[in-house]
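Peer 1: One structure is given below, represented as structure tokens, and several questions about it will come after.
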Amino acid sequence: MAGPFKIAGTVEAWCGRCKLMLHHTIETLEGNVPGRVHCNTCKSQHAYKPYLPGESPRDVKRRERDGERGPRTAQPGKAKASHYDELMRGRDSSLAQPYSPKARFAAGDVVRHPTFGVGVATALKDATKIEILFPDGPRVLIHGR
Ligand SMILES: [Zn+2]
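If you want the numbering used here, it's the 1-based position in the sequence shown plus 2.
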């Protein structure tokens, strides 16, 4: 843990403009943590952000805690589900093409399957097989017959 912090002190923080972890000068303190800081590199002033974007202090704490306990237990189901959410983000499931073995799909296509639900084609296996990621995991289906 970094600190103690003091005004005009230097702290390593995320600079959203430089997109790097860089040294910042502390301008205000909120309790024991820096409030506003400015980037020593681009001089932009912003709120103190000690972590990379997408990484919250809670994530870091959880990782540190798990690190003390030993290697993190893999949760393949969860990983797949979040990967699915990531793939579906920005895609319109109402535009999904109905799955048929006769249809031809390309990686990135949104496909609606009567049993598996809406999935995203992730990889062409060969001319007649395509891997599609559904909410419950990836499946290889026939296409282009
Ligand atoms: Zn900067």
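Just so you know, even glycine gets a beta-carbon here, dropped at the ideal spot from N, CA and C.
1. In this structure, does DSSP put L184 in helix, strand or coil?
2. Closer than 8 Å: is that where the CB of R19 sits relative to any heavy atom of ligand 1?
3. Beta-carbon within less than 7 Å of A109's beta-carbon, same chain only, minus the 5 sequence neighbours each way: which residues are those?
4. Would you kindly work out how many angstroms separate the C-alpha atoms of G139 and C17, rounded to a whole number?
5. So, helix, strand or coil for H145, using DSSP?
6. When we look at the beta-carbon of I132 and count the other beta-carbons within 10 Å, is it buried (16 or more) or exposed?
7. Using the beta-carbon count (16 or more within 10 Å), is P6 buried or exposed?
Peer 2: Reading it off the structure:
1. Any answer about residue 184 is impossible in this case: the structure gives the chain only from 3 up to 147.
2. yes
3. A123, T124, A125, L126
4. 36 Å
5. The answer is coil: DSSP assigns H145 none of H, G, I, E or B.
6. buried
7. exposed
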